[in-house]
Amino acid sequence: MNLVPGQGDPRWLAFLRRHEMAFNAELHLLSTGQRPVVCLPADGPEHGAGWFLTWADAEAGEWNLAHPFGTPAAYEPLLDCFPAGEEFHLLIPAADQEWFLAHTPLAVAEELIWHMDPADPLPPEDDIPIPEPPAGTTFRTMEADPGLSVVTGEEGIVPRSYLIEHEAIAAMVRVTHVTAHTVEIYIETLPGSRDRGLATSLLRLALRGFRRAGRRLVYVTSASNLASRRVAAKVGLVPYQVLARCPFRR
Numbered sequence: 001m002n003l004v005p006g007q008g009d010p011r012w013l014a015f016l017r018r019h020e021m022a023f024n025a026e027l028h029l030l031s032t033g034q035r036p037v038v039c040l041p042a043d044g045p046e047h048g049a050g051w052f053l054t055w056a057d058a059e060a061g062e063w064n065l066a067h068p069f070g071t072p073a074a075y076e077p078l079l080d081c082f083p084a085g086e087e088f089h090l091l092i093p094a095a096d097q098e099w100f101l102a103h104t105p106l107a108v109a110e111e112l113i114w115h116m117d118p119a120d121p122l123p124p125e126d127d128i129p130i131p132e133p134p135a136g137t138t139f140r141t142m143e144a145d146p147g148l149s150v151v152t153g154e155e156g157i158v159p160r161s162y163l164i165e166h167e168a169i170a171a172m173v174r175v176t177h178v179t180a181h182t183v184e185i186y187i188e189t190l191p192g193s194r195d196r197g198l199a200t201s202l203l204r205l206a207l208r209g210f211r212r213a214g215r216r217l218v219y220v221t222s223a224s225n226l227a228s229r230r231v232a233a234k235v236g237l238v239p240y241q242v243l244a245r246c247p248f249r250r
């Protein structure tokens, strides 16, 4: 799965690439053109503070997001420059929360935790055993995903993988964002199939492919979703970023 050649303002792309682990989603969306992404102000990377704004697919129930960089004292005043009348969900770094909440009337809706695979990516020639699916299930994959703006074909990165039970999907891992060094995924397990280790098995299969492709797996969970956090811990993922989601409208 090879990335589409980079699009967007070269200054923004250069900044996002330097901070790839923290801004992996913004980097993917800007470089592929899959979603509108802008930096506010446009010269923010040159001055060390600003916001990356991402417009969502409202029909899909997604949120507009705004992810800051720099010090909170520098990026908080820029809220006055946000588009009027549009709601954004601000993603405030944990280290900035106390200052930010003391200087704005905003509240935290939830905390989001970014997990990553701490293992170094493996050379393609280093084989890793394929994990066995749980009894009564089989692995299946989808080699192309029209909703993911990348060119498919890179060995090891499968856009969607499934566990099938009784000819129906019991669990799914879907790739959401791909950068030069990361692959972010989303996991879904049907309600009747939870607490059986199915997501863990699929995640181990995905880890194998991503390591062979030279990427680190990234998985985002809500801090309140203990089940997803347990799945992340079972396969050895470690937290590396916590952001507080704060709804905001100017």
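Using our numbering, you'd call the opening residue of the sequence shown number 1 and step up by one each time. Here a beta-carbon is modelled for each residue, glycine too, at the ideal position from N, C-alpha and C.
- Counting along the chain, the unbroken beta strand (DSSP E) around Phe88 starts and ends at 87-93.
- According to the DSSP assignment, Gln34 belongs to no alpha helix (DSSP H), since it is labelled neither H nor E.
- Around Asp96, the same chain offers Pro72 as residues with beta carbons nearer than 6 Å, after the five sequence neighbours per side are excluded.
- Residue pairing by DSSP puts Trp51 in a beta bridge opposite Leu40, Pro68.
- Between the C-alpha atoms of Ala107 and Thr138 there is a straight-line separation of about 44 Å.
- For Ala168, the enclosing beta strand (DSSP E) stretches over residues 168-178.
- If you look at Arg160, you'll find it in the beta strand (DSSP E) that goes 160-165.
- Between the alpha carbons of Asn24 and Leu40 lies a distance of about 18 Å.
- Under the three-state reduction of DSSP, Phe15 is assigned to helix.
- Straight-line measurement puts the Cα of Ala168 at about 42 Å from the Cα of Pro68.
- Nearest to Leu65 by alpha-carbon distance, out of Pro83, Pro77, Ser201, is Pro83.
- According to DSSP, Ser222 shares a beta bridge with Leu112.
- Counting other Cβ atoms within 10 Å of its Cβ, Gly8 reaches 16 or more and is therefore classed as buried.
- Rounded to whole angstroms, the separation of the alpha carbons of Ala244 and Pro105 is 14 Å.
- In this structure, the beta-carbon distance from Tyr219 to Leu202 does not fall below 8 Å.
- Residue pairing by DSSP puts Val242 in a beta bridge opposite Ile113.
- Straight through space, the alpha carbons of Thr179 and Leu16 are spaced by roughly 10 Å.
- The alpha-carbon separation between Ala213 and Val37 amounts to approximately 27 Å.
- Taking a C-beta distance under 8 Å as the contact criterion, His115 and Thr200 do not qualify as a contact pair.
- The C-beta distance from Ile187 to Ser228 rounds to 7 Å, short enough to fall under 8 Å.
- For Thr32 and His103, the gap between their C-alpha atoms comes out near 35 Å.
- If the five residues before and after Ala56 are omitted, its C-beta is found closer than 6 Å to the C-beta atoms of Glu62, Trp63, Asn64, all from its own chain and listed in chain order.
- In this chain, the alpha helix (DSSP H) harbouring Thr200 covers 198-212.
- Under a 10 Å Cβ-count criterion, Cys246 is classified as buried, with 16 or more other Cβ atoms of the shown protein chains found around its own Cβ.
- Annotated three-state conformation of Glu76 is helix, per DSSP.
- If you look at Glu184, you'll find it in the beta strand (DSSP E) that goes 182-189.
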